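Notes follow once the structure below has been shown.
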Amino acid sequence: MRDVETQLGVTASVGIGIPGVINPATGLVKNANSIALNGHALDRDNSALLGREVRVENDANPPKPTVAGPASATAGVDPYG
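Residues in the sequence shown are numbered consecutively from 5, following my numbering.
Shown next as structure tokens:
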């Protein structure tokens, strides 16, 4: 991934689907049936570990594929590989 980012001159974000949601008021996971996730700032924690933006959504929501960066850098890039 880092090689492709270097070639394109952009840094990609990471998307994670979880069985719960991020509470917008607290920034913590709530309502996850995987109870170990509840009460954690999963997006912020992973973002700090990976050094890039991490987006967390409920795993039942359909994905919204995007390619970040200037249009000239991402022209013709297939987000699905």
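Virtual Cβ for every residue (Gly too), placed ideally from N, Cα, C. Quantities reported herein were computed from a predicted structural model and do not represent experimental measurements.
Check whether the Cβ of V33 sits closer than 7 Å to any heavy atom of the ligand GDP, and report yes or no. The ligand GDP is not among the ligands present in this structure, which contains no ligands whatsoever.
Helix or strand or just coil, what does DSSP make of V25? Within the sequence shown, the letter at position 21 stands for residue 25. DSSP places V25 in strand when its eight states are reduced to three.
Distance check for H44 and A36, CA to CA, integer angstroms please. Within the sequence shown, the letter at position 32 stands for residue 36. Within the sequence shown, the letter at position 40 stands for residue 44. If you take the alpha carbons of A36 and H44, they lie about 11 Å apart.
Would you identify the three-state DSSP class for N50, choosing helix, strand or coil? Residue numbering aside, residue 50 sits at position 46 when the sequence shown is read from its first letter. Of the three classes helix, strand and coil, the one that applies to N50 here is helix, per DSSP.
Who does I39 pair with in a DSSP beta bridge? Sequence index remark: in the sequence shown, residue 39 carries index 35 (1-based). Note: I39 sits in no beta bridge, so no partner.
Please name the residue, chosen from R48, Q11, I20, G19, that lies closest to L32 on a Cα-to-Cα basis. The count along the sequence shown starts at 1 and reaches residue 32 at position 28. Answer by Cα proximity: R48.
Have a look at the DSSP bridge pairing and note the partners of G19. By one-based count along the sequence shown, residue 19 stands at place 15. By DSSP's assignment, G19 forms a beta bridge with R59.
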